[in-house]
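Residue numbers (this note's numbering): 15 to 167.
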């Protein structure tokens, strides 16, 4: 079994976080690039908005694998490039279920850009259901809305 853990973000994690965030956005043609200070402030503001909002470092066998978050019940994640396509998403989703249940939610919510069909397919493969579509004039900002009930343990 793969060992996936979520840990709190530490002060020395910000270079890693902004690097994988900006790399992910650049890969998909998004030019909104954050500096480390801007990204830290952005995340700190999200944490102040709602006491249930969370940000974590995804750890895999003691290595920083990515960034996980829950913002207003919607989960999100970014993997460092070297961890993409390794079959670890199921284990990250399982860990999200545990964390979302701790917050008292019965359902996980997600969003996938309509320009990212592989991400949508991966979510559907792991039991997510499409519950809506939010269109935007800019197709890059249009998103599928997803939902997954949390298993009763």
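Think of the CB as a built atom: it goes at the ideal place given N, C-alpha and C, for glycine as much as any other residue.
Everything numeric in this text was worked out from a predicted model, so none of it was measured.
I need the boundaries of the beta strand (DSSP E) containing residue i, first residue and last residue.
i: residue 126; result: 121 to 127
i: residue 77; result: 77 to 85
i: residue 72; result: 68 to 74
Which term fits residue i, buried or exposed, when burial requires 16 or more other beta carbons within 10 angstroms of its beta carbon?
i: residue 155; result: exposed
i: residue 34; result: buried
i: residue 90; result: exposed
i: residue 142; result: buried
i: residue 107; result: buried
i: residue 65; result: exposed
i: residue 103; result: buried
i: residue 62; result: exposed
i: residue 160; result: buried
Can you give me the C-alpha to C-alpha distance between residue i and residue j, rounded to a whole angstrom?
i: residue 15; j: residue 165; result: Because the pLDDT at residue 15 is just 49, under 50, the model does not fix this residue reliably, and the value given afterwards should be weighed accordingly. Cα-Cα distance, rounded: 19 Å.
i: residue 137; j: residue 69; result: 20 Å
i: residue 117; j: residue 86; result: 11 Å
i: residue 55; j: residue 28; result: 11 Å
i: residue 78; j: residue 37; result: 15 Å
i: residue 148; j: residue 30; result: 30 Å
i: residue 94; j: residue 46; result: 18 Å
i: residue 76; j: residue 112; result: 20 Å
i: residue 163; j: residue 144; result: 12 Å
i: residue 152; j: residue 127; result: 11 Å
i: residue 150; j: residue 158; result: 11 Å
i: residue 130; j: residue 24; result: 30 Å
i: residue 48; j: residue 32; result: 7 Å
i: residue 53; j: residue 60; result: 11 Å
i: residue 146; j: residue 21; result: 31 Å
i: residue 17; j: residue 51; result: 31 Å
Taking only beta-carbon positions, decide if residue i is within less than 8 Å of chain D.
i: residue 32; result: You won't find chain D in this structure, because it holds only one protein chain.
Problem set entry | Any alpha helix (DSSP H) of 4 or more consecutive residues that is wholly inside the region 17 to 61 | 28 to 41
Exercise. What are the complete beta strand (DSSP E) segments, minimum 3 residues, inside the region 91 to 156?
Worked result: 121 to 127, 143 to 148
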